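S.K.: Anchor point for the sequence shown: position 361 equals 361 in the UniProt record's numbering, and the numbering is continuous, going up by one each time. Built from N, CA and C at the ideal position, the CB exists for glycine as well. Model, not experiment: these values are computed from the prediction. Handing you this structure, nothing more for now.
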Amino acid sequence: MKENSTIAAIATALSPAGISIIRISGPQALDVIDRIYRTKKEVESIKKGEFAAAASSSAKKLSNAPTHTIHYGYICDENEVLDEVMVSIMKGPRSFTAEDTVEINCHGGILVTRRVLDCVFKNGAAPAQPGEFTKRAFLNGRIDLSQAEAVMELISAKNRFAIDASLEQLSGKIKNRIQDLRSTLLDEIAYIEAALDDPEHISLEGYTEGLTERVQKIRAAVKKMADSFDNGKVLTEGIRTVIVGKPNAGKSSLLNALSGRQRAIVTEIAGTTRDTLEEQIMLGDLSLILVDTAGIRDTSDVVEKIGVEKAREAAAKADLLIYVADSSRNLDEDDHKIMELLKNKKSIILLNKSDLSSVIQPKDLKEAGVDAPVLWISAANEDGLDALEQTIRDMFEQGMIAGNDEVVITNARQKTCLLNACESLRLAEEGIENGMPEDMLTIDMMDAYTSLGEVIGEEIEEDLVNRIFAKFCMGK
Ligand code: GDP
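Spelled out as structure tokens, the structure:
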């Protein structure tokens with residue numbers, strides 16, 4: 001799958017900026033830059049009309065420059081000066097793609113950048129496909145597929161945890177863990193196959209007895225990695241936080257207070273928030289996707305009923321439920337129904353309207369059988385919000401953020417591969433239990449080995465590679 005063409009693209013965002021970077025990679029990268037790069041002296045000669053002098057100074061060719069050097073000069077289309085630039089030369093294999101790579105830092109105007117890029121195309125480079133530089137790094141063995149995906153995730157990271165997870169992945173943590181698991185699996189397969197080939201010298205007598213346990217152990221490790229996706233997703237995409245409560249409890253006021261914007265309609269008429277509203281907010285380092293729901297209560301109003309149904313659905317999909325109760329009113333049947341939604345969910349109870357005289361206390365909620373932190377707030381006065389933020393932070397930071405030796409995956413494709421490996425290992429365990437012949441067991445174990453390989457791109461079809469990299473952004 002090695003590529004022979006030389007590709008180029010703008011690596012920075014195409015908007016007016018101080019500088020733009022045009023990246024060229026491939027066997028002809030240095031030839032391309034030689035054709036269009038001129039030193040200051042050469043440009044002065046051009047300006048004076050001394051074209052021959054400019055063309056003959058081959059000593060200044062960047063292809064002769066040492067690798068990892070940067071050069072001041074001009075990009076010229078024939079005798080027309082397009083821009084004043086800095087050019088970095090990185091000769092393969094010591095570059096991101098492992099190929100000869102040239103980066104032109106030009107001025108960041110859209111038109112200037114486009115003109116320089118066109119000139120690069122005119123002189124031998126082809127337009128790069130989205131993600132093609134990273135794809136080359138992968139195909140040339142510089143990085144594995146999990147690292148390539150980490151590059152993309154790092155670029156689109158929305159918060160510090162997403163950055164941390166991508167950087168860990170980029171450092172090869174997933175690759176190392178997968179390689180360990182694969183090598184353990186391969187040892188087992190190799191032993192069985194060797195014994196089947198040479199039964200006189202290698203015995204399988206009693207071998208399968210310990211095998212179940214060993215396969216189970218591998219499966220548990222793979223499953224743990226697959227399960228880390230849910231935590232990874234919460235941390236990187238945002239904690240899906242659903243605010244529930246009866247009409248008028250103060251849900252919209254809370255959403256507005258937290259988001260600092262008046263997006264939901266705050267009104268005294270019960271049941272006006274009829275649909276769900278979503279808002280992404282940052283709570284320090286954590287992202288929250290706040291969902292405001294229609295007041296949950298039994299109602300005969302058809303329109304409102306739709307909203308209530310939505311609230312129940314939203315609550316089911318939530319990572320965190322925030323139940324807002326109006327502390328100036330007694331708990332009733334509806335409150336108890338809502339509290340049912342909190343069971344088996346990470347949840348926080350807020351006693352709102354702490355500025356009014358209260359008729360309910362935290363103990364009333366504890367007595368109702370809900371095991372969640374109970375906090376006093378006044379959404380209208382923005383009181384108690386710091387404590388709320390801290391509580392959410394504590395709930396999610398403890399146990400959810402991976403410790404040093406934990407691997408968190410954040411990529412759905414990787415999760416699927418891991419789950420496929422789990423299934424193959426489960427089949428192998430079943431086979432051992434049912435006394436299946438050893439050569440059949442190795443088929444399932446080999447399938448698991450292959451699925452694990454797909455995580456890091458070792459056993460992957462070319463068209464899948466193309467599909468994965470097509471999702472990348474241009475110039476990366
Ligand atoms: P929702 O139906 O649950 O979304 O409730 P709203 O946010 O629309 O609030 C209902 C009413 O309660 C509005 O009149 C708010 O101004 C009022 N309200 C909300 N929070 C507080 C609070 O902390 N204290 C007081 N006194 N009133 C509040």
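1) Using DSSP with H/G/I as helix, E/B as strand and the rest coil, what is Pro16?
2) For the alpha helix (DSSP H) that Ser88 lies in, which residues bound it at each end?
3) Output the distance between the C-alpha atoms of Val87 and Ile155, rounded to the nearest integer angstrom.
4) Report buried or exposed for Phe396, applying the criterion of at least 16 other Cβ atoms within 10 angstroms of its Cβ.
5) Start and end of the beta strand (DSSP E) containing Glu103?
6) Can you find at least 3 beta carbon pairs, one from the segment 233-246 and one from the segment 312-322, that sit closer than 8 Å?
7) I think Ile10 touches Ile22, with their Cβ atoms under 8 Å apart; what is that distance to the nearest whole Å?
8) For the 8 Å Cβ check, are there 3 or more pairs between the segment 358-367 and the segment 212-232?
9) Hey, is the segment 142-156 in contact with the segment 112-122, meaning 3+ C-beta pairs nearer than 8 Å?
10) What is the DSSP secondary structure of Glu278, counted as helix, strand or coil?
11) Would you tell me roughly how many angstroms separate the C-alpha atoms of Ala221 and Leu418, rounded to the nearest one?
12) Among Leu388, Gly141, Asn248, Leu14, which residue has its Cα nearest to the Cα of Ser347?
13) Looking at the structure shown, is Cys119 part of a helix, part of a strand, or coil, going by DSSP?
14) What separation, rounded to the nearest whole angstrom, lies between the Cα atoms of Val32 and Leu14?
15) Check whether the segment 466-473 touches the segment 205-222, counting contact only when three or more Cβ pairs, one atom from each stretch, lie closer than 8 Å.
16) Thinking C-beta only, is Leu204 closer than 8 Å to residue 477?
17) Nearest CA to the CA of Ser259: which residue from Gly250, Thr236, Leu283, Lys246?
18) Residue range of the beta strand (DSSP E) that Asp326 falls in?
19) Would you kindly work out how many angstroms separate the C-alpha atoms of Val266 and Asp164, rounded to a whole number?
20) Can you tell me where the alpha helix (DSSP H) holding Leu204 begins and where it ends?
21) Taking the beta carbon of Thr6 as the centre, do at least 16 other beta carbons fall within 10 Å, making it buried, or is it exposed?
22) Spatial neighbours of Ala270 within its chain, please: CB distance less than 6 Å, with the 5 preceding and 5 following residues excluded, ordered by chain position.
23) For Phe96 versus Phe138, is the C-beta distance shorter than 8 Å?
24) Just to confirm my understanding: we take Glu268, look at its own chain, exclude 5 residues before and 5 after, and list those with CB closer than 6 Å. What are they?
25) Just mark Val291 as buried or exposed, buried being the case when its beta carbon has 16 or more other beta carbons within 10 Å.
26) Any idea what DSSP makes of Asn176, helix, strand or coil?
27) For the structure I just gave you, are there three or more beta carbon pairs, one from the segment 142-153 and one from the segment 59-72, closer than 8 Å?
28) Taking only three categories from DSSP, how would you classify Lys346?
29) For Asp77 versus Lys91, is the C-beta spacing smaller than 8 Å?
30) Which partner residues of Asp77 appear in the DSSP bridge assignment?
M.R.: Checking against the coordinates, here is how it stands:
1) coil
2) Per DSSP, Ser88 belongs to no alpha helix (DSSP H); it is in the beta strand (DSSP E), 80-90.
3) 24 Å
4) buried
5) Note, Glu103: beta strand (DSSP E), 101-108.
6) A contact is defined here as three or more CB-CB pairs under 8 Å, and the segment 233-246 meets this definition with respect to the segment 312-322.
7) 6 Å
8) By the C-beta criterion, the segment 358-367 is judged not to be in contact with the segment 212-232, since fewer than 3 inter-stretch pairs fall below 8 Å.
9) no
10) Strand, per DSSP.
11) Cα-Cα distance, rounded: 10 Å.
12) Leu388
13) The three-state secondary structure of Cys119, taken from DSSP, is helix.
14) 22 Å
15) no
16) Outside the shown range of the chain (1 to 476) lies residue 477, about which nothing can therefore be said.
17) Leu283
18) 320-326
19) Annotation note: pLDDT 47 at Val266 (below 50); position unreliable, no value reported.
20) Careful: Leu204 lies outside any alpha helix (DSSP H) and carries neither H nor E.
21) buried
22) Any answer about Ala270 is weak, because its pLDDT of 46 lies below 50 and its placement is not dependable; what the coordinates show is given next. So the qualifying residues of the chain are Pro247, Asn248.
23) no
24) Bear in mind that the predicted position of Glu268 carries a pLDDT of just 46, short of 50, making it unreliable; the figure below should be weighed with that in mind. Close CB contacts of Glu268 within its chain, under the 6 Å cut and outside five residues either way in sequence, are absent.
25) buried
26) In the structure shown, Asn176 falls within a helical segment according to DSSP collapsed to helix, strand and coil.
27) no
28) coil
29) In this structure, the beta-carbon distance from Asp77 to Lys91 does not fall below 8 Å.
30) BP columns for Asp77 point to Glu80.
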